[in-house]
Structures are given as structure tokens and as C-alpha cells.
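Trainee: Numbers in my numbering are just positions in the sequence shown, counted from 1, shifted up by 746.
Even for Gly, the Cβ is constructed at its ideal location relative to N, Cα and C.
Owing to the predicted nature of the structure, the values given are computational and were not obtained by experimental measurement.
Pasting a structure here, questions to come.
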Amino acid sequence: MVGSTGSHQIRTVTPTTFKPYPDTIPLSPINLIKGEANLKRIGLTLVKVCPVSKIKQGELLAFQVQGVDIVLTLLGGRIVAFQRWCTHEEGDLSMGMLEGGVIECPEHGAKFDLTLNGRNVLGPDEEEAGSVPDIRVFKTEVKDGNVYVEL
Numbered sequence: 747m748v749g750s751t752g753s754h755q756i757r758t759v760t761p762t763t764f765k766p767y768p769d770t771i772p773l774s775p776i777n778l779i780k781g782e783a784n785l786k787r788i789g790l791t792l793v794k795v796c797p798v799s800k801i802k803q804g805e806l807l808a809f810q811v812q813g814v815d816i817v818l819t820l821l822g823g824r825i826v827a828f829q830r831w832c833t834h835e836e837g838d839l840s841m842g843m844l845e846g847g848v849i850e851c852p853e854h855g856a857k858f859d860l861t862l863n864g865r866n867v868l869g870p871d872e873e874e875a876g877s878v879p880d881i882r883v884f885k886t887e888v889k890d891g892n893v894y895v896e897l
């Protein structure tokens with residue numbers, strides 16, 4: 747609908763599509779296979795994962811929360827949550843090596859920097875950085891002695 751008020755036109759746009767869920771979370775084919783398609787359904791909400799006392803410095807703990815596979819660890823006093831499956835060939839990052847905030851996939855050696863929001867800093871088989879998609883890092887909160895992850 748177009749109207750006019752002097753020298754200005756007023757345009758009213760009617761939406762043609764309705765999206766019932768937020769499209770704020772990128773989904774890769776790997777994530778769809780491993781359950782992260784549920785993020786579209788869940789939307790962004792804090793979900794209780796475990797007591798904070800379970801999380802130890804440098805230890806990797808795998809959880810499935812509302813169909814989403816995540817890993818929790820403690821880095822420098824901060825709890826970090828990230829996707830469990832490598833974006834290269836679905837290596838289990840909970841079995842990887844964590845050093846200085848960088849998680850290395852046990853399958854082909856791809857490395858992701860958890861302090862840089864999951865950025866790929868070394869590709870599989872020592873390919874250049876960025877040769878595979880970054881991994882997802884989730885927001886965490888501690889409330890009443892429990893760890894919550896934003897899904």
C-alpha cells in the first residue's frame with residue numbers, strides 16, 4: 747500500500763512469510779546430523795546442565811541437553827560450553843586434547859580456539875586455519891550452584 751503525505755511517500759509492507767522460531771543460530775549439515783536442529787525448535791533459553799562442582803580445570807565432560815550434544819570445561823576459572831562434534835568429519839571433541847584454550851579434534855587434528863568463540867585455527871591434517879567451519883561456543887551461566895547453557 748502506498749500513500750502520500752506531501753512530498754513523502756508512505757509504504758506499508760505486509761509480511762509474506764511467517765517464521766515461528768528465531769533464525770539466529772547457524773546450522774551446518776554436521777550439526778543437523780548430531781541433533782543441533784533442535785536449536786531451531788528450542789530457541790534461545792537457559793537450560794540446566796549439571797552442578798558446577800562436576801566441572802574441573804581442563805577436563806572435558808560431554809552432555810546431551812535437549813537433544814544437543816555439548817562439552818563443558820573450565821578454562822581459567824570460566825566455564826566454557828561448546829559443540830561436541832567436529833565440523834570436519836564429526837570427530838568427538840570431548841575426546842580431544844585441550845591446551846591453552848584450544849581444543850584439538852582427535853580424528854584429524856583440526857584445532858578450534860575456545861577463547862575466540864570456537865574459531866578454526868588449524869585445519870585437519872595441518873591445513874590452513876579456516877579450512878573447516880568454526881565450532882559453536884554456547885553462553886554459560888552459574889546459578890544456585892548449577893551450570894546453565896543458553897540453547
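Less than 8 Å separating the beta-carbons of G804 and L844?
Mentor: It is a contact, given that the beta carbons lie within the stated cut-off.
Trainee: Would you report the Cα separation of C832 and T861, rounded to the nearest angstrom?
Mentor: So the alpha carbons of these two residues sit roughly 17 Å apart.
Trainee: Answer yes or no: do H854 and G837 have a C-beta to C-beta separation smaller than 8 Å?
Mentor: Contact flag set, yes.
Trainee: Using 10 angstroms around the beta-carbon of L790, count the other beta-carbons present and answer buried if the total reaches 16, otherwise exposed.
Mentor: So L790 ends up on the exposed side.
Trainee: Using only CA atoms, which one of V893, E835, G891 and Q829 lies nearest to R865?
Mentor: The candidate whose alpha carbon is nearest that of R865 is Q829.
Trainee: With a threshold of 7 Å on Cβ separation, who are the neighbours of R882 within its own chain once the five nearest residues in sequence on each side are excluded?
Mentor: F828, Q829 and G864, listed in sequence order.
Trainee: Report the three-state DSSP secondary structure of L806 (helix, strand or coil).
Mentor: Looking at L806 - three-state DSSP - the assignment turns out to be coil, as it is neither helix nor strand.
Trainee: Quick one, which of R824, D815, D859 and L821 has its alpha-carbon nearest S840's?
Mentor: Checked all of R824, D815, D859 and L821; the closest Cα to S840 is D815.
Trainee: Say yes only if the C-beta of C796 is nearer than 7 Å to one or more non-hydrogen atoms of the ligand HEM, and no if none qualify.
Mentor: The model depicted lacks the ligand HEM and carries no ligand whatsoever.
Trainee: I'd like the span of the beta strand (DSSP E) that includes E845, first residue to last.
Mentor: That run of the beta strand (DSSP E) goes M843 to E845.
Trainee: Could you name the residues that DSSP lists as bridge partners for P797?
Mentor: Per DSSP, N892.
Trainee: Considering only the alpha carbon of each residue, which of D859, G847, Q812 and F809 lies closest to L820?
Mentor: Among D859, G847, Q812 and F809, the Cα nearest to that of L820 is on G847.
Trainee: Compute the Euclidean distance between the alpha carbons of V817 and C796, then round it to the nearest angstrom.
Mentor: Each residue's Cα considered, the two are about 12 Å apart.
Trainee: Please report how far the alpha carbon of P870 lies from the alpha carbon of L806, in whole angstroms.
Mentor: About 20 Å.
Trainee: Using 8 Å as the threshold, is the C-beta distance between F884 and E872 below it?
Mentor: Going by C-beta atoms, F884 is not nearer than 8 Å to E872.
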